[in-house]
Each structure stands twice: as C-alpha cells, then as structure tokens.
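In UniProt numbering, the protein residues as written are 1 to 286.
Note that beta-carbon positions come from the ideal geometry of N, C-alpha and C, so glycine has one too.
All figures in this text were calculated on a predicted structure; none of them were measured in a lab.
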Ligand code: ARG
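This is the structure we're talking about:
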C-alpha cells in the first residue's frame with residue numbers, strides 16, 4: 001500500500017527571522033576544519049555576491065533578516081549560526097572552541113543586548129546553532145568536535161527542554177548543522193518535525209536514536225552531504241539548499257517541499273554553507 005505524498009500546496013510556510021553578517025572580511029587565513037586551506041585563494045567579492053543572493057532570496061520570500069556588522073580580522077563572522085542559540089527571546093551566547101573565533105563572542109553578545117534579547121553568557125564551549133537545532137519540543141545537540149557535553153547540560157537547564165546529544169564522527173561534518181537539517185521549523189506541541197540527515201556523520205548509537213525518534217526522516221546520500229546539502233534552512237515549505245545537492249533536491253520534492261537553490265561555493269572554502277550563514281531569531285523584541 002502506498003501513501004500519497006503530501007503535495008507542495010499542503011506545506012505551509014512559516015515566516016522566519018534571521019541574523020546574517022555580510023562577508024566583507026571573508027577569507028581563509030587559518031584552518032580549523034578540513035575544508036579550510038589557507039594556501040588556496042579566496043574571492044571576497046564573489047563571497048559577498050553569493051551571500052547577497054541568499055539574503056535577497058530570504059527577503060523575496062517574505063522573511064525578515066537582521067544584520068550584524070562584520071568586523072575586520074574575524075573572517076568567520078559570516079557564519080552567524082555559530083553566534084548564538086535563541087528561543088523565546090533568550091539568547092544563549094557562544095563560546096568558541098578555537099581562539100581564532102573567540103573575538104566574535106563580544107560582538108554577538110552586544111548585538112543581542114542592543115536588539116532586546118535576554119543574553120545568557122555560557123559557562124561552557126558551544127558554537128550556537130551550528131550544534132543546537134530545535135526539533136519540535138526537543139533540542140538536538142552535536143558533540144564530538146566543537147560543543148561540549150557540559151554545554152548540552154547547560155542548554156537543557158536554560159531552556160528547560162529535553163536535549164538529545166548526538167555524536168559526530170566525521171571531521172568534515174564537525175557541526176551538527178552540516179549533517180542534519182530540521183525541515184519543519186514550527187510544529188504543534190507534541191508533533192515531530194521532518195528532519196533530514198547524513199547517517200555516516202554519526203556514531204551508531206546516535207543513528208539508532210535518530211531512527212527511533214524520526215522514523216520518517218529523509219536519509220541523505222554521501223554525495224549530497226559532501227557538498228553541504230544538509231547545511232540548509234527551511235521555512236516549512238521552502239528549503240534553501242545548495243544546487244549541487246541534486247539527490248536531496250529530488251527527495252525534498254517527493255515530500256512536497258519546495259527546494260530553493262542558492263550557491264554559496266565560495267563560503268564552502270571556509271567550511272560553511274547556507275545554514276551556517278543563518279541564525280534563527282525566535283521571539284524577543286523587535
Ligand atoms: N570556518 C568556520 C569554523 O570552522 C565555519 C563555521 C561553519 N558554521 C556552521 N554553522 N557549520 O568555525
């Protein structure tokens with residue numbers, strides 16, 4: 001017996017509010033993940049153009065995008081997903097694993113305070129929404145490369161939610177948002193959102209946990225994962241993905257989502273894609 005797939009018309013868009021940072025100072029001058037090769041040239045103007053396309057696309061589809069000023073000497077600041085984790089106006093600030101990015105911490109904290117968020121300064125190493133993804137009632141949390149187990153306990157306490165720790169094992173997929181994507185940003189209480197993930201990025205126990213909690217998940221092929229296909233943003237209907245993730249694109253269509261293709265190839269040289277450049281702002285003053 002086959003179940004009729006949900007059509008795109010039935011998927012509803014939920015307007016999002018995002019924080020982004022124009023990559024005016026983007027370059028690869030150090031290496032803190034396997035994608036970064038300081039010897040290879042980067043084209044900052046191209047990075048800005050590609051980023052602008054993402055920004056414009058969000059606005060065209062009705063989303064709201066806030067901007068934080070890029071700072072010289074902080075080339076990774078464009079990856080705002082690492083700048084915090086925000087639910088109900090509470091902004092859990094980051095504490096970066098590597099010194100190269102620690103200068104971003106005061107900038108994100110200041111931005112959050114100036115914009116009316118209640119900032120909670122962390123005690124433990126964590127890289128914000130790069131490793132923490134809200135999936136319905138629970139928070140999925142990555143560990144293994146950047147955010148620590150202590151930070152998982154800290155967010156459970158701060159947000160008073162169940163935190164599901166997932167262990168990343170492949171250094172190319174060092175943040176949770178490079179290996180897993182939540183496709184339904186808003187669900188009814190108790191409902192489970194659709195997620196997509198790259199099974200090979202997780203250890204066995206984490207894969208079993210994901211299978212148990214998300215039996216309907218989209219399992220993405222290695223080829224799509226390797227082009228950062230999972231590093232995507234979704235409003236529940238439109239899913240913003242890399243044009244290179246053609247298999248994932250087809251899987252999304254089958255499930256009734258509308259893939260929106262945005263190429264951030266230049267930003268991939270720093271080890272980031274669409275989701276890395278996008279921090280969700282949930283709640284808080286405007
Ligand atoms: N060069 C940055 C780093 O290694 C890339 C961050 C990507 N961000 C993300 N949310 N996955 O920290």
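Taking all protein chains shown into account, decide if residue 54 is buried (16 or more other Cβ within 10 angstroms of its Cβ) or exposed.
-> buried
With hydrogens ignored, establish whether the beta-carbon of residue 205 is closer than 8 Å to any heavy atom of ligand 2.
-> Absence of ligand 2 from the depicted structure is noted, with ligand 1 being the only ligands included.
Going by C-alpha distance, which of 39, 183 and 121 is nearest residue 252?
-> 183
Straight-line Cα distance separating residue 139 from residue 133 = 6 Å
Residues that residue 158 bridges to, as DSSP identifies them = None, per the DSSP bridge assignment.
Use the C-beta contact count for residue 82: other C-beta atoms within 10 angstroms, 16 or more gives buried, fewer gives exposed.
-> buried
Pairing CB atoms from the segment 60 to 73 with CB atoms from the segment 38 to 51, are three or more of them under 8 Å?
-> no
Any idea which residues DSSP pairs residue 143 with across the strands?
-> 167
Might you give, ordered along the chain, the residues of its own chain that have their beta carbon closer than 8 Å to the beta carbon of residue 241, omitting 5 neighbours on each side?
-> 229, 232, 248, 249, 252, 259, 260, 261, 262 and 274
Identify the continuous alpha helix (DSSP H) that holds residue 204 and give its terminal residues.
-> 204 to 213
Can you give me the Cβ contacts of residue 1 inside the same chain, cut-off strictly under 7 Å, excluding the 5 residues immediately before and after it?
-> With a pLDDT of only 43 at residue 1, under the threshold of 50, the placement of this residue in the model should not be trusted, and no figure is reported.
Is residue 236 near residue 200, with beta carbons less than 9 Å apart?
-> no
Three-state secondary structure assigned by DSSP to residue 108 = helix
Hey, how far is the Cα of residue 50 from the Cα of residue 174?
-> 23 Å
Close-in-space but distant-in-sequence residues of the same chain around residue 271 (CB under 6 Å, 5 per side omitted) = 33, 35 and 36
Please report how far the alpha carbon of residue 264 lies from the alpha carbon of residue 38, in whole angstroms.
-> 18 Å
Residue nearest to residue 94 in terms of C-alpha spacing, selected from 52, 115 and 148 = 148
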